[in-house]
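Student: Have a look at this one.
Residue numbers (this note's numbering): 38 to 134.
Structure below.
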């Protein structure tokens, strides 16, 4: 089975209807038919949230991104790895997103 891992830009393109949205939508369609697995890391998803919150506010962002809950997109929790890297570098998550 095919697997796709989305980055923040791919999900943003889909949500905003930007260049590449059709290809990302095809990944979602394949996953919905059970032909593919679709993943995004929690860090990339947080980047999407952050960008939309800055642009359209928290309430609209939450409403828009709640639609993701009803899709075959699997969120991968990579926070333990990210936290370890941040602790080592002394940076905060907001400094790298």
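C-beta: ideal position from N, C-alpha, C; glycine also.
Figure out for me which residue from 114, 113, 103 and 112 has the closest Cα to the Cα of residue 52.
Tutor: Measuring from the Cα of residue 52, the nearest candidate turns out to be 103.
Student: If residue 108 sits next to residue 65, beta carbons under 8 Å apart, how far is it from one beta carbon to the other, in whole angstroms?
Tutor: Going by Cβ atoms, the distance from residue 108 to residue 65 rounds to 6 Å, so yes, they are a contact pair.
Student: One question on the structure: do residue 106 and residue 79 come within less than 8 Å of each other, judged by their Cβ atoms?
Tutor: Cβ atoms of residue 106 and residue 79: not closer than 8 Å.
Student: Can you give the Cα-Cα distance for residue 77 and residue 58, rounded to whole angstroms?
Tutor: Rounded to the nearest angstrom, the two C-alpha atoms are 16 Å apart.
Student: State the Cα-Cα distance for the pair residue 83 and residue 100, rounded to the nearest angstrom.
Tutor: Straight-line Cα distance between these residues: approximately 15 Å.
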